[in-house]
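K.L.:
Residue numbers (the numbering used here): 139 to 857.
Set out below in structure tokens:
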């Protein structure tokens with residue numbers, strides 16, 4: 139959208155001293171301090187005066203996120219501040235250096251100009267001010283600014299509106315001087331503004347601005363002609379830039395501060411690879427199956443690193459119960475060599491703080507984690523709050539389960555499905571005991587090098603429990619990331635994100651049609667991106683996508699390309715890269731599922747998409763545009779099997795055009811939203827295809843032909 143005028147001050151892009159009070163740039167690009175940074179007491183007084191409340195000012199209304207202390211609007215009205223989560227009661231989320239847009243409606247009475255700024259306050263109390271600009275349509279009083287936080291921690295964010303004394307004088311001076319009226323008054327009013335701005339620039343140690351303002355003061359002489367004053371003062375861009383920083387900003391009005399949680403970048407961006415250690419190196423002997431171990435899984439670590447993944451995720455590594463152990467394909471007649479479901483946690487060998495002896499020892503796990511780190515990988519561990527009938531909890535804490543009227547403990551079921559090998563936890567019988575046991579277990583595995591937890595079925599546990607756990611973890615281990623495996627209704631998935639889960643599983647696996655992909659990309663990038671971060675897994679041990687059941691490698695390629703480019707976090711369950719696809723007939727499940735048996739694989743088998751996956755992860759690392767969620771634009775195509783979108787981060791623009799037909803391919807005219815690409819409508823632009831290495835010149839509307847052997851174009855816009 140067209141801007142009315144450039145921002146008055148631009149936020150500092152980052153610094154080796156993250157809490158220096160750098161709030162803008164002067165016309166030469168140098169960082170400038172906030173010349174009018176109020177103290178906390180000033181802010182409190184400003185809020186008190188702007189709201190019209192009389193003493194005694196209620197302490198609970200002073201600066202409580204979400205609790206507006208306004209009886210009406212402030213002196214300079216501000217409302218509809220976005221983003222905001224639950225009216226400010228819960229934090230907006232960002233990661234270090236993630237840019238996002240803040241918008242608000244700002245307006246005032248009469249014809250005088252108003253201005254507005256976004257103020258981020260760091261965990262150490264330093265203010266970071268970014269001026270907002272008014273955007274089209276002007277009559278709707280919409281203001282916006284792009285901001286970012288450069289250090290992790292608990293920040294706050296609010297909007298400050300103020301009377302734009304310079305903008306008001308500037309507008310009136312131009313109109314009056316062009317008409318040749320009130321010249322003496324225009325000059326006198328201008329001198330008042332220039333004098334105070336010069337003092338403020340001097341106090342900020344900005345001699346260049348002091349000189350610019352001083353020259354203007356000399357030129358602002360009513361004995362000169364109005365045209366001379368217009369040219370030398372009113373239309374001087376250097377003066378305008380200085381005054382937009384140092385001019386008076388009276389009638390300041392602050393909105394209540396809202397929380398902003400800033401986390402490390404892995405909370406937003408990363409490539410995940412899931413595999414079962416027990417299958418890596420598993421083999422059959424005359425006496426039966428021999429399990430793979432942590433030590434025999436190093437080859438998979440090395441393969442994941444070679445493919446460019448950042449995170450390796452392991453299903454539960456704990457002892458597996460014997461009671462009601464499931465056999466192949468979820469049958470009830472497990473043989474003596476069947477390993478059972480790793481989600482049936484607990485046996486006489488221990489519970490959630492023990493390692494399955496078949497996989498090795500705790501020391502073996504520690505070596506596995508260390509090897510992963512050497513390869514540049516983080517280890518994500520499954521955290522499943524449930525127990526097998528053999529879990530030590532069943533005997534030591536029977537109150538943690540639900541006892542049915544017949545005296546038996548209730549097992550998990552989703553009628554008609556039954557999971558006799560798993561007992562769910564009842565979080566209402568002894569909440570204090572359960573809550574603290576959960577923290578103990580998390581602390582245990584964090585001490586053994588786990589930095590990420592994939593939480594199994596969090597939507598089947600109370601939301602207030604997760605809010606409590608996430609708060610404890612954020613306080614004591616803010617570096618630890620939690621992924622919610624919650625394939626459930628939107629409200630619950632979003633609520634889990636709001637209470638603290640850094641990431642969540644998504645609906646991507648079921649979004650296959652063009653309109654579904656367009657709708658979902660818009661939702662995650664524009665509607666929920668300030669708190670919900672999806673992880674686009676292409677498949678899971680539970681989900682064998684039906685569109686891939688025919689094994690066509692082009693289908694696997696298309697889904698990998700979509701996942702890796704639509705979302706900054708994507709994941710893949712092992713076997714996907716070799717196009718594993720045999721389904722349980724008529725169901726969205728894998729035949730001979732690894733959940734219930736060993737599945738050693740031939741990783742060199744054909745067909746496979748290993749080379750493509752490796753290239754996708756490389757492209758993601760090279761392009762900041764693909765590492766962010768919020769700035770995505772959908773572009774129009776005239777074929778319902780061709781999906782086009784772009785992502786942008788600063789000067790880095792990536793365009794993705796994908797065929798959704800793995801059998802025949804498709805061609806389409808693509809019409810680009812040129813403004814989203816940072817281009818004029820009639821401009822030709824150069825692109826480099828990151829998949830094929832070819833270059834081309836494109837226009838606003840161009841033709842794209844895609845084939846099963848080349849189902850997508852991933853284009854870097856050349857500047």
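Built from N, CA and C at the ideal position, the CB exists for glycine as well.
Ignoring anything shorter than 4 residues, give me the alpha helix (DSSP H) runs that lie fully in the segment 691 to 759, in order along the chain.
P.N.:
Runs found: 691 to 704.
K.L.:
In whole angstroms, what is the alpha-carbon distance linking residue 318 and residue 364?
P.N.:
Each residue's alpha carbon lies about 6 Å from the other.
K.L.:
For residue 360, name the three-state secondary structure that DSSP assigns.
P.N.:
It is coil, neither helix nor strand.
K.L.:
Excluding the 5 residues flanking residue 460 on each side, which residues of the same chain have their C-beta closer than 7 Å to its C-beta?
P.N.:
Correct list, in chain order: 485, 528.
K.L.:
For residue 603, which three-state DSSP category applies?
P.N.:
Of the three classes helix, strand and coil, the one that applies to residue 603 here is helix, per DSSP.
K.L.:
Between which two residues does the beta strand (DSSP E) containing residue 673 stretch?
P.N.:
Here the beta strand (DSSP E) through residue 673 covers 672 to 675.
K.L.:
By the three-class DSSP mapping on this structure, what secondary structure does residue 658 have?
P.N.:
Of the three classes helix, strand and coil, the one that applies to residue 658 here is helix, per DSSP.
K.L.:
Let me make sure I understand the geometry here. Which of 842, 750, 718 has the alpha-carbon closest to that of residue 777?
P.N.:
The shortest Cα separation from residue 777 among 842, 750, 718 belongs to 842.
K.L.:
Beta-carbon within less than 7 Å of residue 494's beta-carbon, same chain only, minus the 5 sequence neighbours each way: which residues are those?
P.N.:
The residues are 455, 456, 457, 458.
K.L.:
Going by DSSP in three states, residue 436 sits in which element: helix, strand or coil?
P.N.:
It is helical.
K.L.:
Secondary structure at residue 394, three-state DSSP: helix, strand or coil?
P.N.:
Note: residue 394 maps to coil in three-state DSSP.
K.L.:
Rounded to whole angstroms, what's the CA-CA distance from residue 462 to residue 547? Just pull it up for me.
P.N.:
If I take the Cα positions, the gap works out to 13 Å.
K.L.:
Determine the DSSP secondary structure at residue 84, reduced to helix, strand or coil.
P.N.:
Past the boundaries of the shown model lies residue 84; the chain is included only from 139 to 857, so the question cannot be answered.
K.L.:
Whose C-alpha, out of 413, 347, 397, is nearest the C-alpha of residue 737?
P.N.:
Considering only alpha carbons, the answer is 413.
K.L.:
Below 8 Å, how does it come out for the segment 230 to 246 and the segment 274 to 282: are there three or more Cβ pairs, yes or no?
P.N.:
Taking 8 Å as the limit for Cβ pairs, the verdict is that the segment 274 to 282 does touch the segment 230 to 246.
K.L.:
For residue 678 and residue 599, what's the separation of their Cα atoms in angstroms?
P.N.:
If you take the alpha carbons of residue 678 and residue 599, they lie about 21 Å apart.
K.L.:
Provide the residue(s) that pair with residue 516 in DSSP beta bridges, ordered along the chain.
P.N.:
According to DSSP, residue 516 bridges with 449.
K.L.:
Less than 7 Å between C-beta atoms, sequence neighbours within five positions excluded: which residues of the same chain meet that for residue 685?
P.N.:
Cβ neighbours of residue 685 beyond the five flanking positions: 650, 693.
K.L.:
Per DSSP, what kind of secondary structure is residue 245 in: helix, strand or coil?
P.N.:
The answer is coil: DSSP assigns residue 245 none of H, G, I, E or B.
K.L.:
With a 10 Å radius around its C-beta and 16 neighbouring C-beta atoms as the bar for buried, classify residue 286 as buried or exposed.
P.N.:
Flag for residue 286 reads buried.
K.L.:
When we look at the beta-carbon of residue 666 and count the other beta-carbons within 10 Å, is it buried (16 or more) or exposed?
P.N.:
Answer is buried; the Cβ neighbour count reaches 16.
K.L.:
Which class does residue 822 belong to by DSSP, given the choice of helix, strand or coil?
P.N.:
Three-state DSSP puts residue 822 in coil, outside helix and strand.
K.L.:
Can you name the start and end residues of the alpha helix (DSSP H) that residue 426 belongs to?
P.N.:
Run containing residue 426: none in the alpha helix (DSSP H); it sits in the beta strand (DSSP E), 426 to 428.
K.L.:
May I ask which residues mark the beginning and end of the alpha helix (DSSP H) holding residue 297?
P.N.:
No alpha helix (DSSP H) contains residue 297, which is instead part of the beta strand (DSSP E) from 291 to 301.
K.L.:
Between the segment 740 to 751 and the segment 762 to 770, are three or more C-beta pairs nearer than 8 Å?
P.N.:
The answer is no - the segment 762 to 770 does not touch the segment 740 to 751, with fewer than three Cβ pairs under 8 Å.
K.L.:
Which value, in whole angstroms, describes the spacing of the CA atoms of residue 524 and residue 835?
P.N.:
One C-alpha to the other measures close to 57 Å.
K.L.:
Can you tell me whether residue 671 is buried or exposed, with buried defined as 16 or more other CB within 10 angstroms of its CB?
P.N.:
Answer is buried; the Cβ neighbour count reaches 16.
K.L.:
Please confirm whether residue 105 and residue 340 have their CB atoms less than 8 Å apart.
P.N.:
Past the boundaries of the shown model lies residue 105; the chain is included only from 139 to 857, so the question cannot be answered.
K.L.:
In chain order, what residues of the same chain lie with their CB nearer than 8 Å to the CB of residue 590, ignoring the 5 residues before and after it?
P.N.:
Here the set comprises 404, 449, 451, 516, 517, 518, 519, 618, 619, 620, 621.
K.L.:
Measuring only the C-alpha atoms, how far is residue 663 from residue 492?
P.N.:
So the alpha carbons of these two residues sit roughly 40 Å apart.
K.L.:
In angstroms with no decimal places, state the Cα-to-Cα distance between residue 220 and residue 360.
P.N.:
Residue 220 and residue 360: Cα-Cα distance of roughly 45 Å.
K.L.:
Is it buried or exposed for residue 774, if we count other Cβ within 10 angstroms and need 16 for buried?
P.N.:
With fewer than 16 other Cβ atoms within 10 Å, it is exposed.
K.L.:
Mapping DSSP to helix, strand and coil, what is residue 314?
P.N.:
DSSP places residue 314 in helix when its eight states are reduced to three.
K.L.:
Check each candidate in 804, 840, 830, 832 and name the one with the smallest Cα separation from residue 821.
P.N.:
Checked all of 804, 840, 830, 832; the closest Cα to residue 821 is 840.
K.L.:
State the Cα-Cα distance for the pair residue 819 and residue 813, rounded to the nearest angstrom.
P.N.:
Their backbone Cα atoms lie some 7 Å apart in a straight line.
K.L.:
Between 687, 608, 673, which has its C-alpha nearest residue 625's C-alpha?
P.N.:
Answer by Cα proximity: 673.
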